Structure formats: structure tokens, C-alpha cells
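Remarks on the structure that follows.
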Amino acid sequence: MKKALLLAAIAVVLVCCKPANSVVHVTDIKLNVSELSLATGDISLLTAEVLPSNASNKKIVWKSSDSKVAEVGTNGEVKAIAVGTATITVTSEDGNKTAECKVTVSGADTEVNGVKFEFVSIPAGSFKMGSPYEEPLREDDENQHDITLSSFYMSKYEVTQAQWKAVMGADNNPSHFQGDNLPVEKVSYLDVLEFITKLNKITQKEYRLPTEAEWEYACRAGTTTPFSMGEDITTNQANYNGNYAYKNKTGIYREKTTEVGTFAPNAWGLYDMHGNVWEWCSDWYDRSYYDISAEATDPKGPDDGTERVIRGGSWKTTPQLLRSANRSSEKPVRKDYDCGFRIVLPKK
């Protein structure tokens with residue numbers, strides 16, 4: 170009996186002497202991945218596991234070795250900014266334990282014979298393609314329908330004469346208006362395919378023309394108005410025949426192309442999506458395609474046709490043809506001094 174009482178007393182003493190708030194220190198920290206491959210503009214979430222799970226202080230700090238390549242937020246969200254590599258490090262406040270993730274950012278930018286090709290990352294998303302019935306001066310081939318697109322890159326500017334010559338040869342410039350920083354024009358759809366084939370061989374990439382859906386999605390840059398800049402357009406915002414007004418005022422008629430990037434870009438950083446030169450798209454043109462197509466995700470257009478889609482209007486067209494939803498077309502062999510192109514690169 171005395172022995173039992175003694176043991177009970179010892180147990181009480183031990184319990185009473187135990188620290189009320191014992192600290193459990195961090196012994197390790199782990200990340201869900203050790204490497205990330207992203208394209209510029211992509212966002213990915215890193216998650217950190219602090220060990221042991223019952224550690225008293227689980228506070229952590231995120232840091233990027235090069236925020237010009239990849240940024241990281243306080244929640245572990247990584248955003249790819251520019252081509253290159255960066256190391257994302259997470260550190261525990263308790264014990265200074267660390268874990269790292271190597272981030273490799275790739276992009277579409279390239280250089281040929283000293284001439285740069287710059288691209289903008291276009292996010293995946295959905296939009297209403299076409300125009301509402303109440304939009305002024307709309308055409309009956311623009312009926313609205315829902316489209317979903319994967320992400321891709323699009324050239325920041327219309328392909329210039331300098332870029333054309335860098336790929337096709339210094340003596341090859343078909344343009345009517347001459348100037349290295351002017352858009353190349355008087356190029357047929359077939360000429361453009363030849364250019365892209367040579368560019369892909371040089372760069373080992375897979376550039377192509379945009380689909381009609383990709384073009385309109387990128388032109389709108391999240392807007393639903395007739396133009397990416399709003400309900401109306403002026404010749405201070407784009408190069409077109411300013412002798413005619415869309416809603417309010419007439420303006421300047423320059424009667425020629427302007428250097429790419431002369432006007433402000435749209436919200437996604439693309440220049441001259443309205444005016445300057447028409448831009449070839451990869452789709453065959455079908456006036457009723459919007460009404461009969463069941464393609465809602467990454468549509469490629471009709472299987473056949475006689476003319477290819479062109480978009481965006483030009484320096485010599487009236488402003489209603491510059492609307493984001495406006496559709497036009499030309500025969501693949503046609504060459505005109507107000508028609509050029511830009512290119513895209515799918516994200517893998």
C-alpha cells in the first residue's frame with residue numbers, strides 16, 4: 170500500500186514538473202516539386218510541408234534568386250516573367266531549414282541574323298466570338314458563339330520587312346512601302362507559309378499563323394466592345410482611312426503603312442491589331458461557319474474553301490472593318506500592299 174502511494178506521488182510530481190508549453194522545433198521542410206518548367210506568363214503554385222507536422226512555429230518565407238525571371242508570392246505562387254532560370258527557396262522561420270525548386274522559363278522570342286522576333290504570352294480562356302446584334306455596322310457573318318482557347322504566344326508586332334529579309338534573304342522584300350520597321354506587305358498566304366517553314370527550320374520551333382479564333386481573342390484582350398480601345402476608334406489610335414468615322418469624328422488619312430508599334434498596344438501588349446495591314450489567318454473562310462460549326466474549343470475553321478481569312482483592317486480601309494469581330498477573306502495567291510501577317514507559337 171505504501172509502495173503504491175509512493176509511486177502515485179512520484180507521478181504527480183512528474184506531471185507537475187513537465188513544461189506547460191513544450192516547443193516542437195522544425196526539423197525539415199519539403200516542396201511538392203524540385204523543378205518547374207514554365208512558359209513566360211504562366212503561373213504555378215508551390216506548396217511547402219513543414220516537418221514535423223506538429224511543429225510549434227510553421228512560419229515560412231519565400232524568395233526568388235532572380236525576380237526578373239520568376240516571381241514568387243507569400244503563398245508560394247510562382248509567375249514566369251522572362252526566359253531564363255531562377256531558384257525559388259522556401260525557408261522556415263524556426264531552425265532556418267530550406268528547400269529549393271529550380272524554375273526554367275522558356276518563351277517564343279527568337280533572333281535570326283541579328284533581327285529579333287518578340288512575342289506576347291496569351292492566356293488560356295473563353296470568350297464570345299463575333300459581335301452582338303446591336304453593334305453598329307456589324308455584318309451577318311459575325312453571329313456570337315462561345316469559344317475556349319488554349320494558351321499561346323503571339324508576335325507583339327506585325328512581321329516587319331527586317332524580319333522578312335532576315336529569313337528570306339536580304340534582297341527579298343516584296344513590300345510596296347519600303348522600310349525595315351514597316352510591316353511586310355504584298356505577301357500572299359502561300360508566301361507566308363514559305364516564310365514560316367524557313368523560320369521554323371532556322372529556329373527549330375513550330376511557329377504558324379493564328380487561327381481566326383486566336384486572332385480575335387488576342388485582339389479583344391478581354392474586351393467586348395467593337396474595338397479593344399472601346400466603343401469608337403480614332404486615327405490617333407490606329408492607322409486607317411480617317412476620311413470616314415465609325416461613330417463620331419473623322420481624322421487623318423495617311424495613305425500608307427506606319428512603323429509597327431507607332432500606336433499604343435492593347436491590354437495584352439499587342440500592337441496594331443486594328444489597322445495598318447490586314448493579317449492572314451490560317452482558316453478557310455466560310456460565311457456561315459459560325460452558325461454551323463460545333464467546334465467550341467481551339468477551333469481550326471472549315472476543312473476546305475477558296476479563300477483564307479484576313480483580319481484587322483488596314484491603312485486604306487474604313488474604320489468599321491477594323492472592328493475586333495470583322496471578318497474578311499482573300500484568295501491564297503492574292504498579294505496586296507495592305508496585307509501582311511503576324512505569327513503565333515502554341516505552348517506545349
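Sequential numbering of the sequence shown, starting at 170, is according to the working numbering. Yeah, the Cβ is synthetic: ideal placement off N, Cα and C, and Gly gets one too. Note that the structure is a prediction, hence the values are computed from the model and not measured.
Practice prompt. Tell me whether Thr427 is buried or exposed, calling it buried when 16 or more other Cβ atoms sit within 10 Å of its Cβ.
Written response: buried
Discussion item. Is it the case that the region 438-449 contacts the region 338-354, given that we only count it when at least three CB pairs across the two stretches are under 8 Å?
Written reply: At 8 Å Cβ cutoff, the stretches touch.
Practice prompt. Could you tell me the distance, in whole angstroms, from the CA atom of Tyr386 to the CA atom of Val478?
Written response: 15 Å
Worksheet item: What are the start and end residues of the beta strand (DSSP E) that includes Phe288?
Response: 288-291
Fill in: Per-residue DSSP class, three states only, for Arg480
strand
Worksheet item: Going straight from the alpha carbon of Arg496 to that of Phe432, what length do you get?
Response: Those two C-alpha atoms are separated by around 22 Å.
Worksheet item: Out of curiosity, what's the CA-to-CA distance linking Asn224 and Lys237?
Response: Per the sequence shown, residue 224 should be read as Ala rather than Asn. The alpha-carbon atoms of Ala224 and Lys237 are separated by roughly 34 Å.
Item to complete: Please determine, among Leu368, Lys325, Gln489, Ala414, the residue with the shortest C-alpha to C-alpha distance to Pro395.
Response: Relative to the Cα of Pro395, the nearest Cα in the group Leu368, Lys325, Gln489, Ala414 belongs to Gln489.
Item to complete: Compute the Euclidean distance between the alpha carbons of Phe510 and Asn408, then round it to the nearest angstrom.
Response: 16 Å
Discussion item. So, at 7 Å on beta carbons, what are the nonlocal neighbours of Ala178 in its own chain, with the 5 sequence-adjacent residues on each side left out?
Written reply: Low confidence applies to Ala178: its pLDDT is 49, below 50, so where it sits in the model is not reliable, and the reading given next is rough at best. Around Ala178: no qualifying Cβ.
Practice prompt. Kindly indicate which three-state DSSP category Ala239 falls into: helix, strand or coil?
Written response: strand
Worksheet item: Should Val289 and Met323 be called a contact, given that it needs their Cβ atoms to be closer than 8 Å?
Response: yes
Item to complete: Compute the beta-carbon to beta-carbon distance between Thr258 and Val272, rounded to the nearest angstrom, for a pair I have assumed lies under 8 Å.
Response: Contact doesn't hold; Cβ gap of about 11 Å is too wide.
Practice prompt. With a threshold of 16 other CB atoms inside 10 Å of the CB of Asp340, please say whether the residue is buried or exposed.
Written response: exposed
Worksheet item: DSSP three-state call for Asp197: helix, strand or coil?
Response: In the structure shown, the three-state DSSP call for Asp197 is strand.
Item to complete: Go to Tyr322, then tell me how far its beta strand (DSSP E) extends in each direction, as first and last residue.
Response: 321-324
Item to complete: With DSSP as the reference, label Ile250 as helix, strand or coil.
Response: coil
Worksheet item: Would you say the region 299-309 touches the region 324-335, given that touching needs at least three Cβ pairs under 8 Å?
Response: no
Item to complete: Keeping to the same chain, check which residues put their C-beta closer than 6 Å to that of Ser483; ignore five residues upstream and five downstream.
Response: Val446, Trp447, Asp507
Practice prompt. Measure the beta-carbon distance from Glu262 to Val241 and round it to whole angstroms, keeping in mind my assumption that it falls under 8 Å.
Written response: Not really, about 17 Å apart at Cβ, beyond 8 Å.
Discussion item. Measuring straight from C-alpha to C-alpha, what distance separates Glu293 and Ser233?
Written reply: The sequence shown places Ala at residue 293, not Glu. Distance between the alpha carbons of Ala293 and Ser233 is about 25 Å.
Worksheet item: For the region 409-420 against the region 456-463, are there 3 or more C-beta pairs whose distance is under 8 Å?
Response: A contact between stretches requires three or more CB pairs, one per stretch, nearer than 8 Å, and the region 409-420 fails this requirement with the region 456-463.
Fill in: Segments assigned beta strand (DSSP E), at least 3 residues, entirely inside the region 395-457
447-453
Discussion item. Can you tell me where the beta strand (DSSP E) holding Leu318 begins and where it ends?
Written reply: 314-318
Worksheet item: Considering only the beta carbon of each residue, do Glu218 and Lys199 sit closer than 8 Å?
Response: yes
Worksheet entry | Option nearest Ser397 by Cα separation, candidates Gly411, Arg492, His314 | Arg492
Worksheet item: What three-state label does DSSP hand Pro352 in the structure shown?
Response: strand
Fill in: Delimiting residues of the beta strand (DSSP E) encompassing Thr487
Run containing Thr487: none; DSSP gives neither H nor E here.
Practice prompt. Check the Cβ-Cβ distances between Ala249 and every residue of chain C, and say whether any is below 8 Å.
Written response: Although the question refers to chain C, the structure presented lacks it and comprises just one protein chain.
Worksheet item: Candidates Glu246, Phe286, Thr486: which alpha carbon is nearest Ile212's?
Response: Glu246
Worksheet entry | Whether Pro468 touches Ile316 by CB criterion (8 Å) | yes
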